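Presented below is the structure to which this report refers.
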Amino acid sequence: MKKTSENFGEEYLFFKTALGWVGIVAAEKGLRALFLEGARDRVLEALLREHPSACPGEGFSLREGQRQVLEYLAGERRLFRIDIDCGPLSPFRRAVYGELLRIPYGETVSYGELAARLGRPGAARAVGQALAANPLPLVVPCHRVVGAGGALTGFSGGEGIATKMKLLDMEGARPRKWF
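Numbering (the working numbering), first residue to last: 25 to 203.
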């Protein structure tokens, strides 16, 4: 990531969870990124690659983000209630992430269904690309999007599909079948 004035003033925190190590990045307006890389060194490497000017911190957004992630992974939280700041997003990505936030805990939708909800029924592949770039997995629940017929496809955090399956199992989600 190119250093810009947007990523100065960022702080990070990483911590151990049931899924392995998680790193979060925050700035003045809220959470900016969440990394699910499993191993501590991989989290720190990915975090600093994408947010090179970030410094270790303990600000409110970091502490609150950590608390909510731990509660979510312990099955005690279904909805994140924290300010997020993903930086500048295209109108399409903003719409995709907004629609992701409407998918209830424990439910799944297909990439095609999500595209249709956005009024772009032929944009399933573009939806998938937006999900792959999601800076805040878990908080913006891209793991709730599955392939046609309920297939578990695509997840860039942790151990990929295995992590996605763990998250959906934890939520009690049973992928529906689309015909």
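Don't be surprised by glycine CBs; every beta carbon is placed ideally from N, CA and C.
Here the structure is a predicted model, which means the values were calculated and not measured.
Measure how close the beta-carbons of residue i and residue j come, nearest whole angstrom, since I'm counting them as under 8 Å.
i: V93; j: T41; result: 7 Å
i: G81; j: E35; result: 3 Å
i: L142; j: A119; result: 5 Å
i: A150; j: G178; result: So it is not a contact: roughly 13 Å between Cβ atoms.
Just to confirm before moving on: does the CB-CB distance between residue i and residue j stay below 8 Å?
i: L191; j: V164; result: no
i: V67; j: G47; result: yes
i: W45; j: A63; result: yes
i: C79; j: P159; result: no
i: G130; j: A197; result: yes
i: M194; j: G122; result: no
i: L37; j: L60; result: no
Looking only at its chain, what residues have a beta carbon closer than 8 Å to the beta carbon of residue i, apart from the 5 residues adjacent to it on each side?
i: D107; result: K53, G54, L55 and S85
i: A176; result: In the sequence under discussion, the amino acid at residue 176 is Leu, which differs from the Ala named in the question. So the list reads V170, I185, K188, M189, L192 and P199, once near-sequence residues are dropped.
i: L113; result: Y121
i: L103; result: Y129
i: D65; result: none
Report all residues from its chain with a CB closer than 6 Å to the CB of residue i; omit the five preceding and five following residues, and keep chain order.
i: A148; result: Y135, G136 and A139
i: R117; result: A154
i: R91; result: none
i: A51; result: G33, E34 and D109
Leaving out five residues before and five after residue i in sequence, what residues of the same chain have Cβ atoms less than 7 Å from its Cβ?
i: L162; result: L58, V93 and Y96
i: I127; result: V133, P165 and R168
When DSSP builds the beta bridges, which residues end up paired with residue i?
i: C79; result: E35
i: L60; result: V46
_Unbroken stretches of the alpha helix (DSSP H), 4 residues or longer, contained in the stretch 83-146_ = Correct list: 84-97, 115-124 and 135-141.
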